[in-house]
Amino acid sequence: MMSARPTLANMVCRATLALGLLAGSAQTFAHGLRVSAQAEGGAVVGQALYSDLSPASGLFVDIHDPGNDAKLAEGTTGDDGRFRILAPPLAAYRVVVEGEEGHRAETQALRLAAGSTLDADTVRLLREDIARLEARIRLQDILGGLGYILGLAGLSAWFMAKRRR
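Numbered according to mature numbering (1 follows the signal peptide of the UniProt record, and there is no 0), the sequence shown spans residues -30 to -1, 1 to 135.
Structure representation (structure tokens):
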């Protein structure tokens, strides 16, 4: 008579099948949220992007005073992920972008010093380029996620085998 308890080989097969099904789903390739911003004139301007470099449109943007964390202004991102929100003049702001499924990113927006040799457009473009480079999903991120999942599956199999004894 065969035992109804799953063997370690069966559990590994089931875990592999589950991982294979998950790998095919679009939700498996989750993406992070990135934001770049700076103060220009009487406004804070910036852009929010997902890690696949698609624009994060329609997300909430809050502008805070970094000294006392008071909310100074709020707005939303446009279809291209860009935002321009009027704010009282400060040297620096804390910009928080919140979206769906728990996505949240924040950055500090600084005002260019008077007499600076760089214009605001150049600095904004440089910050957006840096944000794009940081937002890429790298192979080590994918392998790390798969290793984490396999580790949890192995730990689960070990506890189940230990419980059977």
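Don't be surprised by glycine CBs; every beta carbon is placed ideally from N, CA and C.
Just curious, the beta strand (DSSP E) that A43 is in, first and last residue? As a working mapping, residue 43 is identified with position 73 in the sequence shown. That run of the beta strand (DSSP E) goes K41 to T46.
Given a cut-off of 9 Å, decide if A57 and residue 141 are closer than it, judged by their beta-carbon atoms. With the chain running from -30 to 135 in the structure shown, residue 141 is simply not present.
Where do the N-terminal and C-terminal ends of the alpha helix (DSSP H) with S24 fall, by residue? Reading the sequence shown from its first residue, position 54 is the one you call residue 24. In the DSSP annotation of this structure, S24 is not part of any alpha helix (DSSP H), being labelled neither H nor E.
Start and end residues, alpha helix (DSSP H) containing A127: Along the sequence shown, one-based indexing puts residue 127 at 157. L109 to R134 is the extent of the alpha helix (DSSP H) around A127.
Take G121 and list the residues in its own chain whose beta-carbon comes closer than 6 Å to its own, dropping the five residues that flank it on each side. In the sequence shown, residue 121 corresponds to position 151, counting from 1. Cβ neighbours of G121 beyond the five flanking positions: none.
7 Å CB neighbourhood of L29 in its chain, flanking five on each side removed: Taking the first residue of the sequence shown as position 1, residue 29 is located at position 59. Close CB contacts of L29 within its chain, under the 7 Å cut and outside five residues either way in sequence, are with A18, T46, T47, V67, E68 and G69 (chain order).
If you follow the beta strand (DSSP E) that T77 is part of, which residue opens it and which one closes it? For the purposes of this step, residue 77 is taken as residue 107 along the sequence shown, with counting starting at 1. It spans R74 to L80 - the beta strand (DSSP E) in which T77 sits, taken as one unbroken run.
Hey, how far is the Cα of I33 from the Cα of M130? For the purposes of this step, residue 33 is taken as the residue at position 63 of the sequence shown. For the purposes of this step, residue 130 is taken as the residue at position 160 of the sequence shown. The alpha-carbon atoms of I33 and M130 are separated by roughly 49 Å.
Which of helix, strand or coil does DSSP assign to D99? Taking the first residue of the sequence shown as 1, we reach residue 99 at position 129. D99 falls in the helix class under three-state DSSP.
State the start and end residues of the unbroken beta strand (DSSP E) segment that holds E68. Here residue 68 is taken as the residue at index 98 of the sequence shown, counted from 1. Per DSSP, the continuous beta strand (DSSP E) segment holding E68 begins and ends at A62 to E68.
Nearest to R4 by alpha carbon, out of R(-17), A13 and V31? One-based indexing of the sequence shown puts residue 4 at position 34. Here the closest residue by C-alpha is V31.
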